[in-house]
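Protein sequences appear in the order of chains A and B.
Under the numbering used here, think of the first position of the first sequence as 1, with each following residue one higher.
Under the numbering used here, think of the first position of the second sequence as 1001, with each following residue one higher.
Following: one structure in structure tokens, then a few remarks.
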Amino acid sequence: MNVFRLAGDMMHLLSIVVLLLKITGIKSCRGISLKTQELYLLVFITRYLDIFTNFVSLYNTVMKLVFLGTSSAIVYYMRYDRIIKLTYDKEQDTFKYLLLVAPSAVLALATSHVYTVLEVLWTFSIYLEAVAIMPQLVLLQRTQNIDNLTGNYVFLLGSYRGLYILNWIYRFFTEKHYRQWLVWTCGVVQTIIYCDFFYYYFLSWQNNEKLALPA
Amino acid sequence: KDSKAAKDEL
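Pasting the structure below:
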């Protein structure tokens, strides 16, 4: 494992910690898209089905369990916590699941490497992860007064994707048989989706102003 | 083969 991959994973973990701290600390999930969180949970479930059959390292197994656990907790809090659920912007979070899930499923069926249930679901998770942030970005555009934690959450998540690309470039040059067009294409698409957000994030940081995305 | 390699990432 190289330093980019490790840093990427840590950013991913940190983004989840920031989100959980926000939700449980201030008992509010304002500005957070439940749809994005549920899609991430679906991504983790479909990708990590091999958790007990394909052992890579203790690190991988622990991280998989952490991601499954924390994303379940986030969805649980937003849907069922007596206080937290009241702060969810349900009317604003209108992105249609089907718009993201259906194309991912079709592409997975069309391009899967091998046609086994696990492999098709794994491919599905790669496509779905690339677009799962979209409901969150749409919700951010509609949210006035985005709080710092929400902005930082999306920033950390975007950093994780950027670092994974550096990891792939590194592996491309250091490992002989490292050619993964599907994963790379989806990863690059996913990172491009964040570009607009990054632009405004840095702008607000530079000018010391509150983050606001133009509608 | 290529998809196997990605399985060591998260």
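Where a beta carbon is used, it is the ideal one built from N, C-alpha and C, also for glycine.
Within chain B, no residue has its CB atom less than 9 angstroms from the CB of A/V43, the nearest being about 11 angstroms off. Taking a Cβ-Cβ threshold of 7 angstroms, the residues of chain B close to A/N54 are K1007, in chain order. For A/Q180, at least one C-beta of chain B is nearer than 8 angstroms to its own C-beta. Here the C-alpha atom of A/F4 lies approximately 22 angstroms from the C-alpha atom of A/V43. With a beta-carbon spacing of about 15 angstroms, A/V117 and B/K1007 fall beyond the 8 angstroms limit used to define contacts.
Boundaries of the alpha helix (DSSP H) around A/Y201: W181 to Q206.
In this structure, the beta-carbon distance from A/M134 to A/L157 does not fall below 8 angstroms. Residue burial is scored here from C-beta neighbours: A/I26 has fewer than 16 other C-beta atoms within 10 angstroms and is therefore classed as exposed. Within 10 angstroms of the beta-carbon of A/M78 lie 16 or more other beta-carbons, which makes it buried.
Residues of chain B with a Cβ closer than 8 angstroms to the Cβ of A/M10 do not exist; the shortest Cβ-Cβ separation is about 11 angstroms.
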